[in-house]
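Trainee:
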Amino acid sequence: MKRAWRIWRMPLLLALASCAGLLAALLADGLGDFLSWLALGLVVAMSTVYSLRRPKTPDNTNENSS
-4 MKRAWRIWRM PLLLALASCA GLLAALLADG LGDFLSWLAL GLVVAMSTVY
46 SLRRPKTPDN TNENSS
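Sequential numbering of the sequence shown, starting at -4, is according to this note's numbering.
What follows is the structure in structure tokens.
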């Protein structure tokens, strides 16, 4: 169960932030608009960071041996 939480932790948090941002934008004005921008901007920022990150790979010592 611990491994499943490690895998799904970030997608679940991003989904909750998306839902909270969309609900705040739909139901509230003023502070709700600010919170919606903040929550949805967080989702975009985190998605960008994780998509630009290089995957962790083991030391590729055989790559340069050609």
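Built from N, CA and C at the ideal position, the CB exists for glycine as well.
(1) In the segment 9 to 48, which residue ranges form an unbroken alpha helix (DSSP H) of at least 4 residues, counting only runs that do not cross its ends?
(2) To the nearest angstrom, report how far apart Ser46 and Gly25 are at their CA atoms.
(3) Apart from the five residues just before and just after Ala34, which ones in its own chain have a Cβ nearer than 6 Å to its Cβ?
(4) Quick check on DSSP: helix, strand or coil for Pro50?
(5) Starting from the C-beta of Met41, find all residues in its chain whose C-beta is less than 7 Å away, skip the five residues before and the five after it, and write them out in chain order.
Mentor: From the atom records:
(1) Counting whole runs of 4 or more residues, the segment 9 to 48 contains the alpha helix (DSSP H) stretches 26 to 47.
(2) Rounded to whole angstroms, Ser46 and Gly25 show a C-alpha spacing of 32 Å.
(3) Closer than 6 Å at the Cβ level, and outside the excluded window around Ala34, lie Ala12, Ala15, Gly16.
(4) In the structure shown, Pro50 sits in coil (DSSP, three-state: anything other than H, G, I, E or B).
(5) Closer than 7 Å at Cβ, skipping near neighbours: Leu9.
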